[in-house]
Amino acid sequence: MNKIIYVDNAATTPVAKPVLDAMTPYFCEEYGNPSSMFYSVGASAGQALADAREKAAKALGCDASELFFTSCGSEADNWAIKGTARKLGEKGKKHLITSCIEHHAVLHSMKALEREGFEVTYLPVDADGFVSPADVEAAIRPDTALVTIMFANNEIGTIEPIAEIGEICRKHKVWFHTDAVQAVGAVPINCHELPVDMLSLSAHKFNGPKGVGALYIRRGVLPFNFLDGGAQERNRRAGTENLAGIVGLATALEIAVNSMEEKRRHISAMRDFVLQHVQSMPQVKINGPLDLSRRLPNNLNVSFTAAEGESLLLMLDMRGICASSGSACASGSLDPSHVLLSIGLPHEIAHCSLRFSFGVQNTMEDAQAICDALDAIVPVVRERSPLWHEN
Ligand code: PLP
Numbered sequence: 001m002n003k004i005i006y007v008d009n010a011a012t013t014p015v016a017k018p019v020l021d022a023m024t025p026y027f028c029e030e031y032g033n034p035s036s037m038f039y040s041v042g043a044s045a046g047q048a049l050a051d052a053r054e055k056a057a058k059a060l061g062c063d064a065s066e067l068f069f070t071s072c073g074s075e076a077d078n079w080a081i082k083g084t085a086r087k088l089g090e091k092g093k094k095h096l097i098t099s100c101i102e103h104h105a106v107l108h109s110m111k112a113l114e115r116e117g118f119e120v121t122y123l124p125v126d127a128d129g130f131v132s133p134a135d136v137e138a139a140i141r142p143d144t145a146l147v148t149i150m151f152a153n154n155e156i157g158t159i160e161p162i163a164e165i166g167e168i169c170r171k172h173k174v175w176f177h178t179d180a181v182q183a184v185g186a187v188p189i190n191c192h193e194l195p196v197d198m199l200s201l202s203a204h205k206f207n208g209p210k211g212v213g214a215l216y217i218r219r220g221v222l223p224f225n226f227l228d229g230g231a232q233e234r235n236r237r238a239g240t241e242n243l244a245g246i247v248g249l250a251t252a253l254e255i256a257v258n259s260m261e262e263k264r265r266h267i268s269a270m271r272d273f274v275l276q277h278v279q280s281m282p283q284v285k286i287n288g289p290l291d292l293s294r295r296l297p298n299n300l301n302v303s304f305t306a307a308e309g310e311s312l313l314l315m316l317d318m319r320g321i322c323a324s325s326g327s328a329c330a331s332g333s334l335d336p337s338h339v340l341l342s343i344g345l346p347h348e349i350a351h352c353s354l355r356f357s358f359g360v361q362n363t364m365e366d367a368q369a370i371c372d373a374l375d376a377i378v379p380v381v382r383e384r385s386p387l388w389h390e391n
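Here the numbering used here is used: the first residue of the sequence shown is 1, the next is one more, and so on.
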């Protein structure tokens, strides 16, 4: 069995050992319900929850009272979008603005709202995946309830001009949400310094556990609740808190933020090494910005003409390399990714795309192994492809 080289860290990341250690007591020892404040087991769980919220808020540059824990990044996106639309929709604001390259947590929330009578503007992006702030401004109408634009794209790594877009929303007094699931822990973010009203994040993208996320909601911004029930999260998100997960999120976030510079250097060095190698191969196209200062440090997305992505993935897997392709195969379909189509790739090129997303656990040897594997397998897959011979 080959050593596993996991370079799909945009899909998820391994839990860091100190994170697991911080979480462990909250399963069998400190098992109290944080809402059970009248006995010590519950009170200490409540204190652990408050401490985790403080820690996470500090790492994000916001107040603890502005941070709400959720079950995942998708829930945070659903809450921000549907909670805002339904609240402001009651006042006649039934228009929403987003981009066509958002994660499905955003796009499918929009589709659900269209079925409820909302109108949605899906902004295009340029060939590198950038949303134009001028397009955002031009799309805002008197009945616009919300603008939601992702902080950084999960497939091609494009970092959107969030501060500029946020200023425009502020000028027009429109609430602004950003899906920062791929950005938190990877790029510096300070919620109070940014003109954002709501920001979503998810622990499993920065070496925290799966099944826990958070939504930052600026003080004074009051979307409707998304999950109704008990009084948890100061009456704004029902459900007994996933305390171990929340402690894990806060610990992972603190580590990610404190070690960000070092981590960025390590991760981008491996990405740049593979990028350079790939650029020396024939008939490839790098997807996403080549200005690396505007791209997530871990992301490399590349199309290899006439080499089908799924075949490449299977052959990489035989060498122990776990990456991801340019189709939505995780959702059971082989349709090309909406992101790659939105940046103007034809279907046949989008189908020939791979995404490598590096993580803290990877090494330069892994990067070299990826280059060697690509050199070996791309010509083999191309040789079998009729498209290559027509090319
Ligand atoms: N938004 C983006 C940009 C993502 O990449 C993901 C997950 O891949 C999500 C939202 C959903 O996060 P979660 O898996 O925590 O629901």
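For glycine and all other residues, C-beta sits at the position ideal for the given N, C-alpha and C.
Computed from a prediction, not measured in an experiment: that's the story for all the values here.
* Does DSSP put residue 18 in a helix, a strand or coil? -> helix
* Asked: Are there 16 or more other CB atoms within 10 angstroms of the CB of residue 352, so buried, or fewer, so exposed?
  -> buried
* To do: Please classify residue 184: is it buried, with 16 or more other beta-carbons within 10 angstroms of its beta-carbon, or exposed?
  => buried
* Going by beta carbon distance, what residues of the same chain come within less than 8 Å of residue 136, once the five residues before and after it are set aside? -> 97, 123, 147, 149, 165, 168 and 169
* Backbone CA spacing between residue 329 and residue 335 [nearest angstrom] -> Caution applies to residue 329, whose pLDDT of 49 falls short of 50 and renders its modelled position unreliable; the value that the coordinates give is listed next. One C-alpha to the other measures close to 8 Å.
* C-beta contact flag for residue 153 and residue 109 at 7 Å -> no
* Is DSSP giving residue 263 helix, strand or coil here? -> helix
* State the start and end residues of the unbroken alpha helix (DSSP H) segment that holds residue 217. => Not the alpha helix (DSSP H): residue 217 falls in the beta strand (DSSP E), residues 213-217.
* To do: Indicate, with yes or no, if the ligand PLP has a heavy atom lying under 6 Å from the CB of residue 352.
  => no
* **Counted within 10 angstroms of its Cβ, other Cβ atoms place residue 394 as buried (16 or more) or exposed** => As displayed, the chain neither begins before 1 nor continues past 391, which places residue 394 out of reach and without an answer.
* Asked: Shortest alpha-carbon distance to residue 368 belongs to which of 321, 299 and 338?
  -> 321
* Asked: How would you label residue 392, buried or exposed, when you count the other beta carbons within 10 angstroms and need 16 or more for buried?
  -> Not covered by the structure: residue 392. The range shown for the chain is 1 to 391.
* Alpha carbon to alpha carbon, what distance is there between residue 349 and residue 410? -> In this structure the chain extends from 1 to 391, so residue 410 is not present and cannot be described.
* Coil, strand or helix - residue 51 by DSSP -> helix
* Which term fits residue 26, buried or exposed, when burial requires 16 or more other beta carbons within 10 angstroms of its beta carbon? -> buried
* To do: Alpha carbon to alpha carbon, how far is residue 244 from residue 145? Give it in angstroms, no decimals.
  => 35 Å
* Asked: In terms of residue numbering, what span does the alpha helix (DSSP H) encompassing residue 108 cover?
  -> 104-115
* Where does the unbroken alpha helix (DSSP H) through residue 251 begin, and where does it stop? -> 243-258
* To do: Please confirm whether any heavy atom of the ligand PLP lies closer than 6 Å to the CB of residue 169.
  => no
* Supposed contact pair residue 189 and residue 60 - C-beta distance, whole angstroms, cut 8 Å -> 6 Å
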